[in-house]
Amino acid sequence: MAALITGIHHITAIAGNPQKNVDFYTGILGLRLVKKTINFDAPDVYHFYFGDEHGTPGTVFTTFPFEGARKGTKGTGEMTYTAFSVSIDSLAYWKERLAKYNVPTSDVLARFGDKLIRFEDHDGMGLELVANDKDVRKGWTNGFIPSEHVIKGFYGATLNLKAKELTEKLLTQFMDYRFIAEEEGRYRYGTAGLPGDIVDIVLDQNGRQGVQSAGTIHHIAFRTANTDTQLEIQKILMQNGYQVTEVKDRNYFKSVYFREPGGVLFEIATDEPGFAIDEDEAHLGELLKLPDWAESHRDKIEPKLAKVQLNAEKYV
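The sequence shown begins at 47 in the numbering used here and counts up by one.
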């Protein structure tokens, strides 16, 4: 039977200043702003989507930038690090590039046979670049990051939990994940075990609960093909005691949400229909796009949002 879940769809974070957020992810990291819309549950706040050229599921890091938000803290019950995938010889390039823009990085680290660097964005968001030769995705080149060094999409995600057994059961029995390996207290799971589907659990039994605000992850979304497979996984989860929401229309995908046993908010999102339904692919992210229910209120919504612009050319 075909898998209902095939990896990570997107990861959504809480941010602070919207312009600094756009500058970091499009300018320094070189991702493409594929959609500029609003938080459907808080229409006075932007929702930015950064990814590859098309906003392909598995490449899209999204943010809710709350101007003036205090910084959150990493802790248990949270996803603490988002790992992006780069080519196997790219870490030296990225260490130099990040240093150029005063972003401190860790030394080169080793994990499950891969090398990586760890750093934070301006809000304190935990990020990693994992060098590997398994990722065939092309990523997005904005014209000044060499194509051989671009970010290709997600590598994986780290969940910081006090216990793993119930979360492991969820992943391996109901979400098409399998246990891959353990290394120094880090437990790895994957669907195919390739960049874009990796989930690591790090145990911190005595850790303090994380505080969600700017610089922390709001939720992680997993891929499912379409609304039929989404309803099937929703049914399986509900039958096994998980409190799953009704299907929510997010315009570019359909979503259901639930909390995994360790406290992290999970989403199941459809690959369809994608980000080109209301903009030509050559012009993704250029205009503020509103859902149909909000369009009649554009004259009230748009003036409340801070003006942002793409400054990628400043980061050549």
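Beta carbons are placed, not taken as given, at the ideal position from N, Cα and C, and that holds for glycine. It should be emphasised that the depicted structure is a prediction, and the values quoted were computed from it without experimental measurement.
In the DSSP assignment, P111 falls within the unbroken beta strand (DSSP E) covering 106 to 111.
Shown here, H329 sits in a helix according to DSSP, grouped into three states.
Burial state of Q285 is exposed, judged by a 10 Å Cβ sphere holding fewer than 16 other Cβ atoms.
When C-alpha distances from T58 are compared across Q289, G172, H329, D250, the shortest belongs to G172. In the structure shown, the three-state DSSP call for P103 is coil.
Taking 8 Å as the cut-off, the beta carbon of F165 is found closer than this to the beta carbon of L144.
The region 202 to 212 makes no contact with the region 134 to 143: fewer than 3 CB pairs, one atom from each, lie closer than 8 Å. V176 is not a Cβ neighbour of Y147, given a cutoff of 8 Å. According to the DSSP assignment, T273 belongs to no beta strand (DSSP E) but to the alpha helix (DSSP H) extending over 273 to 285. Approximately 5 Å separates the beta-carbon atoms of A267 and H56; this is inside 8 Å, confirming the contact. Taking a C-beta distance under 8 Å as the contact criterion, A115 and G62 qualify as a contact pair. In this structure, G101 and G320 form a Cβ contact; the two beta carbons are roughly 7 Å apart against a cut-off of 8 Å.
A direct Cα-Cα distance of roughly 45 Å separates K281 from D153.
As summarised for the region 215 to 251, the continuous beta strand (DSSP E) elements at least 3 residues long and confined to that stretch are 224 to 229, 232 to 236, 244 to 249, given in chain order.
Here the region 214 to 223 does not lie against the region 103 to 111, with fewer than 3 beta-carbon pairs under 8 Å apart.
Measuring C-alpha to C-alpha distances from S301 to each of D167, Q276, F70 identifies Q276 as the nearest. The region 323 to 331 makes contact with the region 69 to 81; the number of CB pairs closer than 8 Å reaches 3 or more. In the three-state DSSP reduction, G172 falls in the strand class (E or B). With contacts defined as CB atoms closer than 8 Å, L50 and E278 qualify as a contacting pair. Residues of the same chain with a CB within less than 6 Å of the CB of Y288, apart from the 5 flanking positions on each side, are F304 in chain order. At the C-beta level, K208 and T122 come within 8 Å of one another.
DSSP lists D160 as the bridge partner or partners of R157. In the structure shown, I347 falls within a helical segment according to DSSP collapsed to helix, strand and coil. Under a 10 Å Cβ-count criterion, H343 is classified as exposed, with fewer than 16 other Cβ atoms of the shown protein chains found around its own Cβ.
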